[in-house]
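I have placed the structure first, in the form of structure tokens, so that the comments after it can refer back to it.
Protein chains: 2
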Amino acid sequence: MKEFIFKISTKLKDEIKDPEGEVVEKIAQRLDICKNFKVKKGKFYEISILANSKKEACEKIEELAQKILINPVVEVYKIENFEEL
Amino acid sequence: MKEFIFKISTKLKDEIKDPEGEVVEKIAQRLDICKNFKVKKGKFYEISILANSKKEACEKIEELAQKILINPVVEVYKIENFEEL
Numbered sequence: 001m002k003e004f005i006f007k008i009s010t011k012l013k014d015e016i017k018d019p020e021g022e023v024v025e026k027i028a029q030r031l032d033i034c035k036n037f038k039v040k041k042g043k044f045y046e047i048s049i050l051a052n053s054k055k056e057a058c059e060k061i062e063e064l065a066q067k068i069l070i071n072p073v074v075e076v077y078k079i080e081n082f083e084e085l
Numbered sequence: 086m087k088e089f090i091f092k093i094s095t096k097l098k099d100e101i102k103d104p105e106g107e108v109v110e111k112i113a114q115r116l117d118i119c120k121n122f123k124v125k126k127g128k129f130y131e132i133s134i135l136a137n138s139k140k141e142a143c144e145k146i147e148e149l150a151q152k153i154l155i156n157p158v159v160e161v162y163k164i165e166n167f168e169e170l
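Same order as they appear, the protein sequences are chains A and B.
Residue numbers for the first sequence follow our numbering, beginning at 1 and rising by one.
Residue numbers for the second sequence follow our numbering, beginning at 86 and rising by one.
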């Protein structure tokens with residue numbers, strides 16, 4: 001078995017309101033750091049997986065993202081990095 | 086003023102236990118997706134900011150990260166992308 005490293009990022013779809021980003025904007029205004037900016041928050045997962053082939057690793061990562069990491073109604077995911085050790 | 090786009094990622098320091106990553110590992114095992122893997126979770130922020138210069142934008146972003154986005158005792162941040170529009 002080989003080790004594969006993935007980085008998956010997830011975030012709310014563009015049309016969905018992002019309350020956590022808005023909180024950062026408001027606090028920054030209140031602390032007088034900055035007034036003119038927009039924040040969108042997301043999550044990422046660095047995943048190390050043992051699999052027999054790249055194909056198997058990718059299939060498991062897709063399954064993991066769709067079943068566990070996101071709510072497909074409001075979120076999207078993107079596999080950002082891939083590395084074979 | 087010009088618009089600058091930053092992407093900042095934050096995560097727990099390597100020596101700090103990551104319970105959210107462990108939850109993903111356990112659920113994946115329970116759903117029989119995969120047994121051999123490790124997950125580390127983090128957050129990212131896509132930030133659009135208006136500033137007079139790149140220097141000013143960078144200073145504000147550093148201040149924002151240190152004062153609002155992370156707890157410096159247990160977390161680290163990294164500016165991943167920078168773009169000037």
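Even glycine gets a Cβ: it sits at the ideal position worked out from N, Cα and C.
Within chain A, partners of residue i - CB distance below 8 angstroms
| i | result |
| --- | --- |
| tyrosine 130 of chain B | Gly21, Val24, Val39, Lys40, Lys41, Gly42 |
| serine 138 of chain B | Chain A residues near serine 138 of chain B: none, gap ~14 angstroms exceeds 8 angstroms. |
Residue i (DSSP reduced to helix, strand or coil)
| i | result |
| --- | --- |
| leucine 12 of chain A | strand |
| leucine 64 of chain A | helix |
| valine 164 of chain B | Sequence inspection shows isoleucine at residue 164 of chain B; the valine mentioned does not correspond to that position. DSSP places isoleucine 164 of chain B in strand when its eight states are reduced to three. |
| leucine 170 of chain B | coil |
Segment limits, beta strand (DSSP E) that includes residue i
| i | result |
| --- | --- |
| lysine 35 of chain A | Looking at the DSSP string, lysine 35 of chain A is not in any beta strand (DSSP E), and its letter there is neither H nor E. |
Under 9 angstroms by beta carbon: chain A residues contacting residue i
| i | result |
| --- | --- |
| lysine 152 of chain B | Ile27, Ala28, Leu31, Ile33 |
Start-to-end residues for the alpha helix (DSSP H) that takes in residue i
| i | result |
| --- | --- |
| isoleucine 27 of chain A | 19 to 30 |
Rounded Cβ spacing between residue i and residue j (contact assumed at less than 8 angstroms)
| i | j | result |
| --- | --- | --- |
| lysine 98 of chain B | tyrosine 45 of chain A | Not a contact, Cβ separation roughly 17 angstroms. |
| isoleucine 93 of chain B | leucine 154 of chain B | 6 angstroms |
| serine 48 of chain A | lysine 96 of chain B | Not a contact, Cβ separation roughly 14 angstroms. |
| leucine 85 of chain A | lysine 17 of chain A | About 40 angstroms; that fails the 8 angstroms criterion. |
Interface residues of chain B facing residue i [CB-CB closer than 7 angstroms]
| i | result |
| --- | --- |
| isoleucine 95 of chain A | Because residue 95 of chain A is not part of the residues shown, which for chain A are 1 to 85, the question remains open. |
| lysine 60 of chain A | Ile118, Cys119 |
Contact list for residue i against chain A, beta-carbon separation under 7 angstroms
| i | result |
| --- | --- |
| glutamate 148 of chain B | Ile33 |
Residue i: CB within 8 angstroms of a non-hydrogen atom of the ligand FMN
| i | result |
| --- | --- |
| isoleucine 61 of chain A | Absent from the structure shown: the ligand FMN. Ligands present: none. |
task = Determine contact between the segment 19 to 36 of chain A and the segment 70 to 78 of chain A, defined as no fewer than three beta-carbon pairs at a distance below 8 angstroms.
result = no
query = Any contact of the segment 29 to 39 of chain A with the segment 145 to 153 of chain B, i.e. 3+ C-beta pairs under 8 angstroms?
reply = yes
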